[in-house]
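Residue numbers (the numbering used here): 641 to 947. Where a beta carbon is used, it is the ideal one built from N, C-alpha and C, also for glycine. Being a predicted model, the structure only gives us computed values, none of them experimental. The next block holds one structure in the form of C-alpha cells; read it before the comments.
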C-alpha cells in the first residue's frame, strides 16, 4: 500500500508544530524533526491497516457460456495472473490464456495441420537479420511468435496484395492498419519504437524498421465485416484486443442492449479468429515458402528502401 504523500506531509507538520511549541526559539530541532517524521508515518501506517489507502481498480470480466471463454478488460499480464488466482479460488476452475500460439494450434487442429505449428520456427523475413529466438518469448516451446508474423502478413497483404480477405465462412473482411504501430528488435539489440499516425505503415520509418529486422508487437486495426466496422489495437503475441470501438447497439430496452453488445463482442472475436485462420492456412501449409519469398521481395524492393 502506498501511503498518500500529501497526508504524510500534513501529519508531519502537525506533529512537528506540537513538538516545537515549547522551544524558546519556536524552531524545531533535528531530533524533533526525526520524531515528527516517525510519528507521522506510524500514524498513517496504523490508519492504512483498515484498507482506506488501498488503490482499487475495476476491470470488467465477461464469462461467455456459449464459447466457454472468459473476456477480461485489460491486457496487463499481472492483472491476468491475479484473475487466474481469484477465479480458481471462487469457482474452483482454472483457465488458459488464449495466446497466438495456442490459438494457432486450436485452429490448425480443425484443418489437420497441427504438425505445421509444431515444426514452425521464426520466419526470416529479412535474410541475414532473422533471429532464431525471439527476445520477448523465452519459452522455446511457445509458438506465440506467429502473432508477430500475422501482423507482418496483414501489413504485406494490405500494402502489396489486397486489403480484402476471403474468410473460411464465405464472408469477407476489409482491413486497414491505422493509428498506431509498435515494433521491436527480436534479437533485443536495437530497441523498440512506437509510431502514431493515421496510416503508420505508410511512413518511411515504419518500412525502415521492418527492413532492419524489427517485428510488429502491436498495431491499430480497422476491420469491416458484414457492414460493421471495428476499431481496435491488436497485441501480437497474446492476440489481446485493446481500445475496441464497436457501433452502439440500436435496441432501446436495457436487457436487449446488453445482449446485443455481447453478440457484437462475439462477432468481433469471430472476425479476428477468421482473419488469424486465413493467415494460419497459409503459414502452416506447404505454400508458406512461396508466400515468404514474396514477402521478402516486397521488403527488399529498392523503392521501398527509405534512405
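| residue 763 burial status per 10 Å Cβ neighbour count (16 or more: buried) | The residue you call residue 763 lines up with position 123 of the chain shown. Burial check for residue 763: the Cβ neighbour count within 10 Å reaches 16 or more, so the residue is buried.
| Which of helix, strand or coil DSSP assigns to residue 738 | Sequence index remark: in the chain shown, residue 738 carries index 98 (1-based). Three-state DSSP puts residue 738 in coil, outside helix and strand.
| message | Could you give the first and the last residue of the continuous beta strand (DSSP E) run that contains residue 857? | response | Your numbering for residue 857 matches position 217 in the chain shown. Note, residue 857: beta strand (DSSP E), 855 to 865.
| Are the beta-carbon atoms of residue 646 and residue 680 separated by less than 8 Å? | As a working note, residue 646 is residue 6 in the chain shown. As a working note, residue 680 is residue 40 in the chain shown. Taking 8 Å as the Cβ cut-off, residue 646 and residue 680 do not qualify as a contacting pair.
| field | Three CB pairs or more closer than 8 Å across the segment 750 to 761 and the segment 914 to 931 | value | Flag = yes, the segment 750 to 761 and the segment 914 to 931 touch.
| Grouping DSSP H, G and I as helix and E and B as strand, with all else coil, what is residue 649? | As a working mapping, residue 649 is identified with position 9 in the chain shown. If DSSP states are grouped into helix, strand and coil, residue 649 belongs with the helices.
| task | Could you tell me whether the segment 823 to 832 touches the segment 846 to 866, using the rule of 3 or more Cβ pairs below 8 Å? | result | Yes, the segment 823 to 832 touches the segment 846 to 866.
| query | Does DSSP put residue 932 in a helix, a strand or coil? | reply | Locating residue 932 in the chain shown gives position 292, where the first residue counts as 1. Reduced to three states, the DSSP call for residue 932 is helix.
| task | Under 8 Å Cβ to Cβ from residue 673, same chain only, skipping five residues before and after it: list those, please. | result | The residue you call residue 673 lines up with position 33 of the chain shown. Within the same chain, residue 673 has close Cβ partners 656.
| task | My understanding is that residue 915 touches residue 813, with C-beta atoms under 8 Å, so please give their C-beta distance in whole angstroms. | result | Along the chain shown, read from residue 1 onward, the residue named residue 915 stands at position 275. Along the chain shown, read from residue 1 onward, the residue named residue 813 stands at position 173. A Cβ-Cβ distance of about 6 Å is found for the pair residue 915 and residue 813, placing them in contact under the 8 Å criterion.
| query | Just the Cα atoms here: how many angstroms apart are residue 701 and residue 709? | reply | As a first step, residue 701 must be located in the chain shown, where it is residue number 61. As a first step, residue 709 must be located in the chain shown, where it is residue number 69. If you take the alpha carbons of residue 701 and residue 709, they lie about 11 Å apart.
| said: Suppose the cutoff is 6 Å on Cβ atoms and the five residues either side in sequence are ignored; what does the same chain contact list for residue 716 look like? | reply: As a first step, residue 716 is located in the chain shown; it is residue number 76 there, counting from the start. Hits under 6 Å: none found.
| task | With DSSP as the reference, label residue 894 as helix, strand or coil. | result | Residue numbering aside, residue 894 sits at position 254 when the chain shown is read from its first letter. Collapsing the DSSP output to three states places residue 894 in a helix.
| query | residue 784 and residue 853: beta carbons closer than 8 Å? | reply | For this step, residue 784 is matched to residue 144 along the chain shown. For this step, residue 853 is matched to residue 213 along the chain shown. Contact annotation: residue 784 and residue 853 have beta-carbon atoms that are not nearer than 8 Å.
| Given 8 Å, three or more beta-carbon pairs between the segment 896 to 903 and the segment 741 to 753 | no
| said: Among the candidates 895, 894, 862, 703, whose CA atom is the shortest distance from the CA of residue 884? | reply: As a working note, residue 884 is residue 244 in the chain shown. Of the listed residues, the one whose Cα sits closest to residue 884 is 862.
| message | Could you check whether residue 712 and residue 936 sit closer than 8 Å to each other, using their CB atoms as the reference points? | response | The sequence position of residue 936 within the chain shown is 296, counting from 1. The sequence position of residue 712 within the chain shown is 72, counting from 1. Not closer than 8 Å, so no.
| request: Return the CA-CA distance between residue 971 and residue 696, expressed in angstroms with no decimal places. | output: Residue coverage of the chain in this structure runs from 641 to 947, which leaves residue 971 outside it and unanswerable.
| task | Kindly give me the distance between the Cβ atoms of residue 838 and residue 819, rounded to whole angstroms, as I take these residues to be in contact under 8 Å. | result | Looking up residue 838 in the chain shown gives position 198. Looking up residue 819 in the chain shown gives position 179. That pair is a contact at about 7 Å.
| query | Which class does residue 614 belong to by DSSP, given the choice of helix, strand or coil? | reply | Nothing about residue 614 can be read from this structure; the chain reaches only from 641 to 947.
| Does DSSP put residue 685 in a helix, a strand or coil? | By 1-based counting over the chain shown, the position of residue 685 is 45. Here residue 685 sits in helix by DSSP.
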